[in-house]
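To keep things clear, I will list the structure first and then write my remarks on it.
Residue numbers (the UniProt record's numbering), protein chains in the order written: chain Y, 1 to 596; chain G, 1 to 241; chain B, 1 to 188.
Laid out in structure tokens, this is it:
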């Protein structure tokens, strides 16, 4: 990749002064190519950038304008979406929404005024090019010093590389939704369950699932992948070097098509300092789960002169990525023991508890008092008696700004254990972002601290906290048997766009009525995840919603134009869990053309 | 989620393999296609009869509307005749979360008498993972008949699968020309043990199949000097592409 | 555990040592050394509170989010230094002189304080306590090797360093030390 720093003539004369606003333009050239992806055990034809997959790491500076010339060397149209970047909508790279796409042989010039910093990524938004390898990472250096210190840094891009092309995977899923599920319960499991629980209980449990025609093993639609770290399989052992005592910043990006990873570095605590490119108040964890399309930046400080494993086991335990942090070249960390036992969904994930709680309570204009009553009601059946107390503590202390209008409501359906401070002190509170009793609730391999959304607090709020002007309910819906996914029961091609008004603050209520987790990604504008912490609510671009839960996020509608809003699981997006968002009003958007 | 909810049976057909349209993800309704041979097997009977049997299906279409071909046949390798040869072409649309309705035509062209039928039916997944294909037929001679196919896939392991199946045929009136009497006319019960050799694409299996004709239909067979029941050892491949 | 919480908050200002007792945690380094200046009997010699009259040098330390403006402090063995510390950040920060092990133990205490609401990201919940919070004298008398400052506050610490101990200055607010809000103190 060539990078030409072109100082604008006038500003160039000013010399080295740090300037705000677009002070200079950096130019990048990217080609989109067919490439060979070799994991050591399989070679497939895929799509990459500048001749390789993953593509390069683009390094931008906050305040500059970047110009990126993208040349399509494929025999099909392509596009690049700059995931998480705030930019004019014509530069957002979604064919049919932002622009027509980039035809074979064409060069499209993106011009992006960079107004943020942090870790992001880019990928094709055309067909299944992204699952097929069209992704790369972005680092944006901030203008100001960051609220943490590190001696060196690495991008750690996770990918679920599959031997089948994306097109073929979707066709197989359509023929047979469990085509790739090789973790189904078999006769052996049945016998074990009978031994453990008795014949009657086992039959009755099987009958419950059978009646729904759902499977508790339905956690990963697409198994059979190899986890890649920076394009390298566990055998190929991506290695990042360090000197003992150094602080190493790891910029984790989950560029997978379908797979969530549980990430840990045995022997090291990780201090999470950034989520989705935005700084968060540092939180020490032993392990974290990264949903598809999310990013987390962590700082580790390896003190010993030895190799440490970066272990990324998939949520359903059907695959893993592995790499090494090493003090010297040529080292390979000892492989941690794999957690072979795959999680099983429970009736809680099927939304059974969810219905008990009743969404009706959650209309507009809730008051803190009403919410608490609602919470007690909701939490009691699921056995979280601690909840009520915790909520009251907050109320009397008055220490949670904004909680009355939003905070507690956000926690409602997903059970309130996270608000229980006494439980938190024990370090093993239930994660409020999973349904009470969910089979997906993660546990750290070492029994320690597993990151929850509830731990994420904005380091410096991007927006003043204010009440949302309105709420939009988005039920995440689907039919696993037909492998079709939708929002409010309507697929993209049949749906009207979501219309937002420039200047409003809209509150999205995500109700997950499916048995799968969905990472919902709104393009072009930030999603302020409601963790019940008012102004400290973290600001993200991708919000994961687990089965049987309701999650709220708020968006300051501050970018005109039209945007995509979708589940970032490739085959959920492709089959209809997708919406166009139209922002009406606001400053007229200058007509931007292909810079050529 | 259970296997083959959307496509139950399969066969061989030359289909126009449509390319999934569009470059923008989810930009428009996608078109899908698929082929599956649930049975493609050699049968050896208890009296040393040899048969080649297939039961296959292919589809092309969207979530809302599919064109489906279903074909089955039985070739008597001893006599070199087609005992049965049946092709169906139906349009299919969802009517509930788990079931589709379908309607179309069926043409039987075995060695002997041909028949055209009009057909309506449903197919889908019943509770407890039972795959159902139920059809009504009215032939060109005005005779009505019905067929019910049930199948269950039991996972011995995640690759070794034991599949019991049953097919029941009934006729509402007699059609002597094709040797079908009124009432339950015939049944076939099978049990196949397969191994997923290459993904789900190729799965060799062995099994047993028991066929029996009933009532007048059985009598017609006896009059013709044919067996009204037979048991076979079967071996074959389940295919999916 | 509301009653626990109340008592915790009541006691936290008068003696953070009590916190560890109440929380049922064992933190000998913290209890002994972390506050050794005020109570004497340090197991590790980290120095002691100094007298203004002995001060030859003043070091200004600015706290930002989440770092100190200095990454290393060099003092002479046995020197008495006045630290003038100002919190220019938007979060609560601590300036604490101790060994790495003491800081590690103290971080557990601070984590508890935050989990129990005694400490929030941007404020110290001691308003209900009759303490002068206006001039940055927080906990000074009880905790001479450290100060905990809200945004905008400043304070001073006068410290007489020992002859040779590996010391660090650090902010032990949860996550801050790990983020690099610490520095070495080199004794010459």
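Note that beta-carbon positions come from the ideal geometry of N, C-alpha and C, so glycine has one too.
Where residue i sits in the DSSP three-state scheme
i, result
"residue 524 (chain Y)", "coil"
"residue 491 (chain Y)", "coil"
"residue 564 (chain Y)", "strand"
"residue 77 (chain Y)", "coil"
"residue 514 (chain Y)", "coil"
"residue 179 (chain Y)", "coil"
"residue 573 (chain Y)", "helix"
"residue 52 (chain Y)", "strand"
"residue 213 (chain G)", "strand"
"residue 16 (chain G)", "With a pLDDT of only 31 at residue 16 (chain G), under the threshold of 50, the placement of this residue in the model should not be trusted; the figure read from the coordinates follows. Reduced to three states, the DSSP call for residue 16 (chain G) is coil."
"residue 166 (chain Y)", "helix"
"residue 172 (chain Y)", "helix"
"residue 202 (chain Y)", "helix"
"residue 266 (chain Y)", "coil"
"residue 176 (chain B)", "coil"
"residue 537 (chain Y)", "coil"
"residue 139 (chain B)", "With a pLDDT of 39 at residue 139 (chain B), under the threshold of 50, the predicted position of this residue should be treated as unreliable, though the coordinate-derived value follows. Three-state result, residue 139 (chain B): coil."
"residue 345 (chain Y)", "coil"
"residue 7 (chain Y)", "For residue 7 (chain Y), the pLDDT reaches just 36, beneath the cut-off of 50, and the residue's location in the model is therefore unreliable, although a value from the coordinates is still provided. Residue 7 (chain Y) falls in the strand class under three-state DSSP."
"residue 34 (chain G)", "strand"
Neighbourhood of residue i by C-beta, 6 Å cutoff - its chain only, sequence neighbours within 5 removed
i, result
"residue 191 (chain G)", "164, 207 and 208"
"residue 111 (chain G)", "81 and 82"
"residue 229 (chain G)", "212"
"residue 144 (chain G)", "138 and 172"
"residue 112 (chain Y)", "66, 87 and 91"
"residue 170 (chain B)", "96, 103, 177 and 182"
"residue 113 (chain B)", "119"
"residue 60 (chain Y)", "66, 114 and 140"
Cut-off 8 Å between Cβ atoms - residues of its own chain near residue i, not counting five sequence neighbours on either side
i, result
"residue 77 (chain B)", "161, 162, 163, 164, 187 and 188"
"residue 122 (chain B)", "90, 91, 92, 150 and 151"
Those residues which DSSP pairs with residue i across a bridge
i, result
"residue 135 (chain Y)", "Y:123"
"residue 552 (chain Y)", "Y:509"
"residue 194 (chain G)", "G:161 and G:205"
"residue 519 (chain Y)", "Y:544"
"residue 95 (chain Y)", "Y:99"
"residue 295 (chain G)", "The requested residue 295 (chain G) does not occur in the structure, where chain G is confined to residues 1 to 241."
"residue 108 (chain Y)", "Y:70"
"residue 329 (chain Y)", "For residue 329 (chain Y), which the question treats as bridged, DSSP gives no partner whatsoever."
"residue 314 (chain Y)", "Y:261"
"residue 145 (chain G)", "G:137 and G:171"
"residue 240 (chain Y)", "Y:325"
Rounded separation between residue i and residue j - CA only
i, j, result
"residue 179 (chain G)", "residue 185 (chain G)", "10 Å"
"residue 490 (chain Y)", "residue 47 (chain Y)", "31 Å"
"residue 124 (chain B)", "residue 528 (chain Y)", "26 Å"
"residue 99 (chain B)", "residue 286 (chain Y)", "24 Å"
"residue 501 (chain Y)", "residue 582 (chain Y)", "8 Å"
"residue 472 (chain Y)", "residue 507 (chain Y)", "6 Å"
"residue 350 (chain Y)", "residue 513 (chain Y)", "7 Å"
"residue 240 (chain G)", "residue 148 (chain G)", "23 Å"
"residue 486 (chain Y)", "residue 546 (chain Y)", "16 Å"
"residue 41 (chain B)", "residue 71 (chain B)", "Reliability of the predicted coordinates at residue 41 (chain B) is poor, the pLDDT of 39 falling under 50, and no value is obtained from them."
"residue 174 (chain G)", "residue 181 (chain G)", "4 Å"
"residue 122 (chain G)", "residue 104 (chain Y)", "44 Å"
"residue 168 (chain B)", "residue 283 (chain Y)", "21 Å"
Assumed close pair residue i, residue j - CB separation to whole angstroms, cut-off 8 Å
i, j, result
"residue 119 (chain Y)", "residue 295 (chain Y)", "5 Å"
"residue 523 (chain Y)", "residue 495 (chain Y)", "At roughly 16 Å, the Cβ-Cβ gap does not stay under 8 Å, so residue 523 (chain Y) and residue 495 (chain Y) are not in contact."
"residue 31 (chain Y)", "residue 50 (chain Y)", "6 Å"
"residue 322 (chain Y)", "residue 290 (chain Y)", "Actually they are not in contact, since the Cβ atoms of residue 322 (chain Y) and residue 290 (chain Y) sit about 15 Å apart, beyond 8 Å."
"residue 258 (chain Y)", "residue 220 (chain Y)", "7 Å"
Cut-off 7 Å between Cβ atoms - residues of its own chain near residue i, not counting five sequence neighbours on either side
i, result
"residue 537 (chain Y)", "458, 528, 529, 530 and 531"
"residue 348 (chain Y)", "435, 436, 437, 438 and 548"
"residue 194 (chain Y)", "202"
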